[in-house]
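Residue numbering for the sequence shown follows my numbering, beginning at 36 and increasing consecutively. Report on one structure; see the data block that follows.
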Amino acid sequence: MKKLIMLLFTVSIAAIATAQNTYQPGYYITNGGNRIDCHILNIAWKNSPTEFQFKMNEGDQPVTADIKTVKEFSVDNAYKFRRFTTKMERSASDVNKLDRTAEAQWKEETIFLNVLVEGNATLYKYEDGNMIKYFFSTGNHETAAEQLLHKEYVVNGVIMKNSTYKQQLYNLMKDKITSTNTFERLQYKKAPLVNLFVEYNGDADSNLTARQNRGSINLKIKAGAGLAMLTTENVVNNYAMDFDSKAVFRIGAEMEYILPFNNNKWSLFIDPYYSTYSADGNNGATTYSAEYNSVSLPVGARHYFYITNDSKIFVNAMMSFDFVVGDAAIKYNLNKLDIEKTSHFAAGAGYATGNLSAEIRYDFSRGLLNRYQYWASEYETFGLILGYRFL
């Protein structure tokens with residue numbers, strides 16, 4: 036069984052390695068102002084990049100361009116990054132790392148800013164890990180961008196906020212948006228800032244975020260079958276009960292959240308299902324049996340590798356929390372060992388096309404008799420899961 040599992044994952048990795056990265060039509064502008072049309076590797080950047088890969092023609096080898104030689108690049112008419120050398124305030128938002136002062140600590144940096152809304156007033160975002168800062172520009176958008184200042188700091192154990200960005204935007208937009216309440220209530224978040232700039236510019240087409248990756252939710256019904264292996268041993272007297280591999284069945288559902296970056300290749304999911312297991316055996320002198328019905332609640336992460344726009348390979352890993360349903364126990368002679376709730380790791384690989392998916396999954400060993408000091412019992416499964424996405 037272990038060899039079969041290793042073979043499965045080797046084949047999966049080999050298939051994944053052949054999956055094509057997506058080079059899409061785009062352009063970049065050199066320091067000299069020349070626009071070069073090309074195909075750019077679209078990775079739906081979460082963090083602001085310092086370089087990117089491109090091909091002049093689809094069959095060419097990729098070339099890397101960086102922030103030193105490129106002042107703007109765009110891909111798929113959705114992602115556009117513009118280079119600026121500007122003052123930046125990098126204060127942390129982690130409550131354990133907050134400054135003790137409201138004053139901004141400025142440092143000049145050369146960075147690529149992601150264009151969110153483009154128009155008379157242009158909104159940008161800079162992201163680096165958990166740090167997100169917003170910028171804006173007016174007039175000649177190639178020469179200067181100003182950071183919208185929002186800084187949290189601590190005074191006598193109380194978290195305070197420097198919300199200068201509200202005054203900055205009021206000064207910028209008061210000729211068209213006169214309500215001060217609009218700015219007083221404005222949160223330092225992507226959606227409200229985008230909406231404000233679109234309203235000010237008066238052109239919804241200026242909103243590039245409408246063409247970029249967005250988070251989405253998938254709902255599936257799933258069913259599967261596989262083999263389960265159960266071994267039980269008394270560690271004191273070496274008394275063992277070995278059960279033959281048995282067919283097991285499962286039925287459940289899945290809710291998946293597709294993360295809004297990296298071309299929607301990452302997701303988080305929860306995959307509750309109900310499964311049943313029943314087996315018996317004997318070692319000559321003793322007859323034994325096992326009944327184990329459970330509801331499992333896997334929570335995990337998944338990564339997709341696109342083959343075409345409508346077909347993809349995926350791998351996932353998860354932590355599963357298992358709850359006993361009914362009278363679950365291992366019995367031998369007149370003795371009864373009650374099975375209790377437990378948890379385990381699982382991993383899988385599969386293929387999805389349209390609304391359909393198929394996955395091979397291995398559920399690593401879980402202990403069923405952890406409440407007993409002198410008993411060890413390991414239960415593992417390996418099987419095929421089919422899914423249908425209805426939302």
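Beta carbons: idealized from backbone N, C-alpha and C, even for Gly.
Beta strand (DSSP E) segment containing T173, residue limits = Looking up residue 173 in the sequence shown gives position 138. Segment 166–173, the beta strand (DSSP E) holding T173.
Got a sec? Which residues, its chain only, sit under 6 Å from A79 by beta carbon, not counting five neighbours each side?
-> Here residue 79 is taken as the residue at index 44 of the sequence shown, counted from 1. Excluding residues within five positions, the ones whose Cβ falls inside 6 Å are N248, F296, N297, N298.
Endpoints, alpha helix (DSSP H) assigned at K376 | By 1-based counting over the sequence shown, the position of residue 376 is 341. Unbroken run through K376: none, as it is neither H nor E.
Neighbourhood of E107 by C-beta, 6 Å cutoff - its chain only, sequence neighbours within 5 removed = As a first step, residue 107 must be located in the sequence shown, where it is residue number 72. These residues qualify, in order along the chain: I64, R117.
Reducing DSSP to helix, strand and coil, say where F425 ends up.
-> Residue 425 sits at position 390 when you count from the first residue of the sequence shown. If DSSP states are grouped into helix, strand and coil, F425 belongs with coil.
Please classify Q55: does DSSP put it in a helix, a strand, or coil?
-> As a first step, residue 55 is located in the sequence shown; it is residue number 20 there, counting from the start. A caution first: Q55 carries a pLDDT of 47, below 50, which makes its placement in the model unreliable, though a value can still be read off. Coil at Q55, not helix or strand.
Just the C-alpha distance for L391 and F340, rounded to the nearest angstrom, thanks.
-> Taking the sequence shown and counting its residues from 1, the one referred to as residue 391 is at position 356. Taking the sequence shown and counting its residues from 1, the one referred to as residue 340 is at position 305. Each residue's CA atom was taken as its position, placing L391 and F340 some 16 Å apart.
Minimum C-alpha distance to Q222 - residue among A411, N242, T199, L207 = As a first step, residue 222 is located in the sequence shown; it is residue number 187 there, counting from the start. Of the candidates A411, N242, T199, L207, the one whose C-alpha sits nearest the C-alpha of Q222 is T199.
Return the first residue and the last residue of the beta strand (DSSP E) that M328 is part of.
-> Here residue 328 corresponds to residue number 293 of the sequence shown, with the count starting at 1. Checking the displayed sequence, the identity of residue 328 turns out to be Asn instead of Met. For N328, the enclosing beta strand (DSSP E) stretches over residues 322–343.
Specify the secondary structure class of A226 as computed by DSSP and reduced to three states.
-> Residue 226 sits at position 191 when you count from the first residue of the sequence shown. Helix, per DSSP.
Report the residue from L403, E234, Q88 whose alpha carbon sits nearest the alpha carbon of L204.
-> Counting from 1 along the sequence shown, the entry for residue 204 is found at position 169. For L204, the nearest C-alpha among the options comes from E234.
Rounded to whole angstroms, what's the CA-CA distance from K122 to A139? Just pull it up for me.
-> Position 87 of the sequence shown holds residue 122. Position 104 of the sequence shown holds residue 139. Spanning the two alpha carbons is a distance of roughly 10 Å.
Write down the C-beta distance between I286 and Y309 rounded to the nearest angstrom, noting that I regard them as a contact closer than 8 Å.
-> In the sequence shown, residue 286 corresponds to position 251, counting from 1. In the sequence shown, residue 309 corresponds to position 274, counting from 1. Between I286 and Y309 the beta-carbon gap is near 6 Å, inside 8 Å, which marks them as a contact.
Within the segment 177–222, note down every full beta strand (DSSP E) run reaching 3 residues or more, in order along the chain.
-> Considered as a whole, the segment 177–222 harbours 181–183, 186–190, 193–197 as its complete beta strand (DSSP E) runs of no fewer than 3 residues, in chain order.
Coil, strand or helix - N236 by DSSP | Position 201 of the sequence shown, counted from the start, is the residue given in the question as residue 236. Correct three-state label for N236: helix.
Span separating the alpha-carbon of P227 from that of K160 | Reading the sequence shown from its first residue, position 192 is the one you call residue 227. Reading the sequence shown from its first residue, position 125 is the one you call residue 160. Straight-line measurement puts the Cα of K160 at about 13 Å from the Cα of P227.
Between the C-alpha atoms of E153 and I212, what's the straight-line distance to the nearest angstrom?
-> Within the sequence shown, the letter at position 118 stands for residue 153. Within the sequence shown, the letter at position 177 stands for residue 212. Going from the Cα of E153 to the Cα of I212 covers about 18 Å.
Taking only the alpha-carbon atoms, compute the straight-line gap between D277 and P333 and give it to the nearest angstrom.
-> The sequence position of residue 277 within the sequence shown is 242, counting from 1. The sequence position of residue 333 within the sequence shown is 298, counting from 1. One C-alpha to the other measures close to 27 Å.
Going by Cα to Cα distance, which pick from E291, T267, F417 is closest to S251?
-> Walking along the sequence shown from the start, residue 251 turns up at place 216. It is E291 whose Cα lies nearest to the Cα of S251.
I think S355 touches H338, with their Cβ atoms under 8 Å apart; what is that distance to the nearest whole Å?
-> Position 320 of the sequence shown holds residue 355. Position 303 of the sequence shown holds residue 338. Contact annotation, S355 with H338: C-beta distance approximately 18 Å; criterion of less than 8 Å not satisfied.
Reducing DSSP to helix, strand and coil, say where V130 ends up.
-> Here residue 130 corresponds to residue number 95 of the sequence shown, with the count starting at 1. DSSP places V130 in helix when its eight states are reduced to three.
Contacts around R406, its chain only, beta-carbon distance under 8 Å, and the 5 residues preceding and following it disregarded = The count along the sequence shown starts at 1 and reaches residue 406 at position 371. For R406, where only same-chain residues beyond five positions count, the Cβ hits under 8 Å are D373, E375.
Any 3 or more C-beta pairs closer than 8 Å across the segment 127–142 and the segment 169–189 | Contact holds: three or more Cβ-Cβ distances are below 8 Å.
Test item: CB-CB of A411 and Y397 under 8 Å = Taking the sequence shown and counting its residues from 1, the one referred to as residue 411 is at position 376. Taking the sequence shown and counting its residues from 1, the one referred to as residue 397 is at position 362. No, the pair does not count as a contact, with Cβ atoms beyond the cut-off.
Could you tell me the boundaries of the beta strand (DSSP E) in which W80 lies?
-> Position 45 of the sequence shown, counted from the start, is the residue given in the question as residue 80. Here W80 belongs to no beta strand (DSSP E), and DSSP marks it neither H nor E.
In angstroms, rounded to a whole number, what distance separates the CA positions of S331 and N318?
-> Counted from its first residue, the sequence shown places residue 331 at position 296. Counted from its first residue, the sequence shown places residue 318 at position 283. Roughly 31 Å between the two C-alpha positions.
Among the residues of its own chain, which have a CB less than 6 Å from the CB of W266, if the five just before and after it don't count?
-> As a first step, residue 266 is located in the sequence shown; it is residue number 231 there, counting from the start. According to the sequence displayed, residue 266 carries Thr and not Trp. Closer than 6 Å at Cβ, skipping near neighbours: D277, E413.
Where M208 falls, given that 16 or more other Cβ within 10 Å makes a residue buried | Locating residue 208 in the sequence shown gives position 173, counting from the first residue. With 16 or more Cβ atoms within 10 Å of its Cβ, M208 is classed as buried.
Residues that S346 bridges to, as DSSP identifies them | Along the sequence shown, one-based indexing puts residue 346 at 311. S346 is bridged to T343, T388.
Return the CA-CA distance between A282 and M264, expressed in angstroms with no decimal places.
-> Taking the sequence shown and counting its residues from 1, the one referred to as residue 282 is at position 247. Taking the sequence shown and counting its residues from 1, the one referred to as residue 264 is at position 229. Near 9 Å, if we compare the C-alpha coordinates of M264 and A282.
Using the C-alpha atoms, what's the distance from E268 back to A314?
-> As a first step, residue 314 must be located in the sequence shown, where it is residue number 279. As a first step, residue 268 must be located in the sequence shown, where it is residue number 233. Cα-Cα distance, rounded: 16 Å.
Would you identify the three-state DSSP class for S109, choosing helix, strand or coil?
-> Numbered from its first residue, the sequence shown carries residue 109 at position 74. Under the three-state reduction of DSSP output, S109 falls in the strand class.
Buried versus exposed, by CB contacts within 10 Å (16 or more), A336 = Locating residue 336 in the sequence shown gives position 301, where the first residue counts as 1. Under this definition A336 is an exposed residue.
Where T267 sits in the DSSP three-state scheme = Stepping through the sequence shown from its first residue, residue 267 is reached at position 232. T267 falls in the strand class under three-state DSSP.
Output the boundary residues of the beta strand (DSSP E) element that contains I286.
-> Residue 286 sits at position 251 when you count from the first residue of the sequence shown. Following the DSSP letters along the chain, one finds I286 inside the beta strand (DSSP E) bounded by residues 281–293.
Could you spell out the range, first to last residue, of the beta strand (DSSP E) harbouring A156?
-> Numbered from 1 along the sequence shown, position 121 holds the residue referred to as residue 156. Looking at the DSSP string, the run of the beta strand (DSSP E) that includes A156 is 156–163.
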